[in-house]
Structures are given as structure tokens and as C-alpha cells.
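Asker: This is the structure I want to talk about, given as C-alpha cells.
Numbering (our numbering), first residue to last: 496 to 811.
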């Protein structure tokens, strides 16, 4: 993962103007519909205002159909600015691209293809707490693969899910906890036979052939190896003792599990069948964190963009 990708995922990436501008269009060379946001020089994601043909605060993303070019040109944009691309219907992160290093053409294009996707399991670090968000939510979803299975498109997304086994323990405390861990399929929007048919594994296929069909479809159009292993849900019981009798502060430990969402898309790119499954153990443990000694939450800028960027966006 590059620095720009990690910063885009954790919300710290900002655009920088280099003084060279052009009108831009977008080419979606993936199999899924994309939404396009412009990152401001204050780190705010700007959506597209079709009435003024520019990007601004509070607007939805600019939609680009799969395998096609957006049939239009934006207003003037600086070559130093960044675009974030997401799955248009799920909001999952797809890629972040800088327009270019600069140029003299009055028009330019930004192309996104499967090579721009992050590799499976390379989706950045799990979230960390701060004083503003003591218990962080799950991480953003990240698209790590897409491919075709017969007439259907399959997309694989991953994210870090915070587990209920996360815990905190006071200074001087000792306690024993009993809990269960889960691997395998946790939720499906369709029954097994429908999913098997949708991915070309045959209506009566078990999870093994379904996994093989999904993996083959993703690998056919991925730049890195894709291995999808789905199985029935399994749980195991764990007994653990937590000891902070000699500690000088409270401690908090956050447990994260890499979780997969595999969806089959309809002809419009909307998911019509999905399965969610947890990757194999182990879970990733973050901490220990002292709830009273967490870092400050990064403050949002008073303005979503600088006056300089606002002036460039106002150009026709």
C-alpha cells in the first residue's frame, strides 16, 4: 500500500495545487460502477455539482459506468489534486489517483483499472482510538478484486471488524472471561443454491466449489492472487484471564478480524446477492491503550478548502 492510499483511507490525504490546470474526464476500466470525489487541500471529499460542472461540498459522487468513459468534461482542475474512487453503490474504497505531474493540454483523462485496486489483505491498519472517538468503528470497506462469473460480475470487499471480545480492565483488576470466536460464513442475502448458480458453480454446489468458482473469477482479472475460502460458520469457546493487578493505569485492548464481503452484481452494478465471511484466526489485537491517555482527535479545518482552490474550481 502506498502512502497516498493509507492517507486516503484514514482521512489525512490533502491535495496540493501546482499551478497547472485542465478540464478532466474519467475512464472506468473496471467492471463495477465508480463514484468519483475530489480531495480538497484541507482533506475534505468534494462531490460533483452537475449544475455548475464542478466539485463542491455536500454533493454526491460523480458516477461513471463500468467499462466506459464519463461523457463530459469537468471545469478547471489542478494537476496536483487527488481523486478518490469508490464503489458507487456500496461506498467501498477503490483507488486514489493524482491527476498528473502537470501538462499543457487543455483536456486530460484519468483512468482507473484493476491494477489500481489494493491487494487482498493489504487494506491498511486497523483503526486506533483517540480522545474524540474512544471506541473506533469498523474500518472502511476496500474493494480488493472484481471479475466475471458467466454473465454476472463478482466484487470482493474487505474491512477490519471490531470484535465483541475487545475489552478494558481497570487498574488493579483481575478477571476471567469466557467468549466464543467465529470463522466462516456469518450472513448471506440469498440461500446457498442461489449463490452457487449466480457464480456459475451449479445450483447444487457446496461451499467448496462455490469458493473455487469465486476465486477463479477474481483471478482472471486481478493483478495479484485471489484466494476465497468460504465455509459454514464455526465457533469455538475460549476462556481467558485478564490481569492488571500490577498496572498503573487502566488498559483497553481492541480485537479486529479481517472480514470479507463477496457480492454478485445485477446488470446495473447493484449487489443482488452477498455473503459475508470472517477470515481465519488469529484476530489482530490493538493495544494496550490507556483510555485516559489517548491522543487528541485531528481537528477538522474551519473551511473545507482554501480560497485558492475555490477560485480554481469556479473557473469555466
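All C-beta atoms, glycine included, are put in the ideal place defined by N, C-alpha and C. Remember, predicted model here, so these are calculated numbers, not experimental data.
1) Following the continuous alpha helix (DSSP H) through residue 630, name the residue where it begins and the one where it ends.
2) Just to confirm, are residue 751 and residue 621 a CB contact at a threshold of 9 Å?
3) Classify residue 582: buried if its beta carbon has 16 or more other beta carbons within 10 angstroms, exposed otherwise.
4) Counting only the same chain and skipping the five closest in sequence on each side, list residues whose C-beta sits under 6 Å from that of residue 742.
5) Does DSSP put residue 809 in a helix, in a strand, or in coil?
6) Which partner residues of residue 863 appear in the DSSP bridge assignment?
7) Which of the three DSSP states, helix, strand or coil, is assigned to residue 610?
8) What three-state label does DSSP hand residue 620 in the structure shown?
9) Assuming residue 564 and residue 522 are in contact, meaning their beta carbons sit under 8 Å apart, how far apart are those beta carbons, in whole angstroms?
10) For residue 619, which of 800, 655 and 747 has the nearest alpha-carbon?
11) Is the CB-CB distance between residue 571 and residue 808 below 9 Å?
12) Between the Cα of residue 625 and those of 805, 785 and 800, spot the shortest distance and give me the residue it belongs to.
13) Give the DSSP-derived three-state secondary structure of residue 500 in the structure shown.
14) Using a 10 Å radius around the Cβ and a threshold of 16 neighbouring Cβ atoms, would you call residue 538 buried or exposed?
15) So is residue 597 buried or exposed if we call it buried at 16+ other beta carbons inside 10 Å?
16) Return the chain-ordered list of same chain residues with a C-beta closer than 6 Å to the C-beta of residue 664, the five sequence neighbours on each side being excluded.
17) Take residue 631 as the anchor and find which of 806, 512 and 748 has the nearest alpha-carbon.
18) Quick check on residue 555: does DSSP put it in helix, strand or coil?
19) Could you check which residue in 573, 640 and 633 has the C-alpha nearest to that of residue 589?
20) Could you check whether residue 573 and residue 518 sit closer than 9 Å to each other, using their CB atoms as the reference points?
Answerer: Straight from the coordinates:
1) Careful: residue 630 lies outside any alpha helix (DSSP H) and carries neither H nor E.
2) For residue 751 and residue 621, yes; Cβs fall inside 9 Å.
3) It is buried - the Cβ of residue 582 has at least 16 other Cβ atoms within 10 Å.
4) 666
5) coil
6) Past the edges of the chain, shown from 496 to 811, lies residue 863, and the structure says nothing about it.
7) helix
8) Residue 620: coil per DSSP, three-state reduction.
9) Rounded, the Cβ-Cβ distance is 5 Å, consistent with contact.
10) 655
11) yes
12) Measuring from the Cα of residue 625, the nearest candidate turns out to be 785.
13) helix
14) buried
15) Note that residue 597 scores a pLDDT of 49, beneath 50, so its modelled location is shaky and nothing firm can be said.
16) 737, 739 and 746
17) 748
18) Assigned with DSSP and collapsed to three states, residue 555 falls in coil, not helix or strand.
19) The candidate whose alpha carbon is nearest that of residue 589 is 640.
20) no
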